[in-house]
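Under full-length UniProt numbering, read the sequence shown as residues 1 to 156, first letter to last.
Where a beta carbon is used, it is the ideal one built from N, C-alpha and C, also for glycine.
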Amino acid sequence: MIELWFTYYSAWSGQILLERWAIGLYNILFTAAPPLALGLFDWRCTAIVSYNYPKLYKPSQAAQYFNGKVFWYWMSNAMIHSALLFWLPLMAFDEGIILTNGMDGSYVILGNIIYTYVVVTVCLKAALETYSWTWFSTLAYGGLVLAWILFLEIYR
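What follows is the structure in structure tokens.
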């Protein structure tokens with residue numbers, strides 16, 4: 001959605017907000033690890049408890065955790081997050097970004113700032129939804145933020 005907000009802001013010019021390699025790495029690595037950590041390593045109870053108490057499966061069988069209402073809640077939540085993550089930094093840097101050498105920064109620098117906020121927000125949101133913390137979830141959430149910053153430092 002952030003790219004769509006930027007497309008609207010740039011008058012449908014085709015200008016990109018983030019450099020292509022950074023977009024590719026973000027889409028492959030940084031969007032994959034938090035859902036994998038949640039899906040594979042997060043559990044509400046142990047296997048023994050779930051085996052001994054089959055009624056624990058009733059809410060998921062009755063679609064209480066994933067239905068139309070829940071889907072649209074998460075979609076609207078994502079829309080609000082994307083709008084805030086794009087428009088607030090854009091307004092904060094409305095006068096432009098001046099680098100230490102006196103040159104004016106480009107939209108790619110603004111994109112790096114915005115996507116840094118996106119990575120932090122995605123990891124924090126996934127951490128808020130985590131029931132059981134494992135070494136992989138800790139690494140996925142905290143390590144990804146550090147890996148993104150390291151990537152930006154190496155890549156620039």
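Same chain, Cβ closer than 6 Å to residue i, neighbours up to 5 away in sequence not counted
i, result
"V70", "none"
"L18", "G111, Y115"
Presumed contact (8 Å Cβ cut-off) between residue i and residue j, rounded CB distance
i, j, result
"F30", "L144", "6 Å"
"L38", "A126", "6 Å"
"I109", "I98", "I109 to I98, Cβ: 10 Å. No contact."
Endpoints, the alpha helix (DSSP H) within which residue i is located
i, result
"E129", "Here E129 belongs to no alpha helix (DSSP H), and DSSP marks it neither H nor E."
"L152", "144-155"
"N67", "Taken as a continuous stretch (DSSP letters only), N67 belongs to no alpha helix (DSSP H), as it is neither H nor E."
"I48", "47-52"
"A22", "20-25"
"I16", "Element bounds for I16: n/a, residue is neither H nor E."
Bridge partners - residue i, DSSP secondary structure assignment
i, result
"I98", "D104"
Residue-chain proximity (residue i, chain C), Cβ-Cβ < 8 Å
i, result
"W72", "In the structure shown, chain C does not exist; there is a single protein chain."
Contacting residues, own chain, Cβ-Cβ under 7 Å from residue i (five flanking each side not counted)
i, result
"Q15", "Y107"
"T134", "F41"
"F93", "L110"
Own chain residues within Cβ distance below 8 Å of residue i, not counting five before or after
i, result
"P35", "A126"
Query raised in the report: Should the stretch 59-76 be called in touch with the stretch 89-101, which here means at least 3 C-beta pairs below 8 Å?
Result: no
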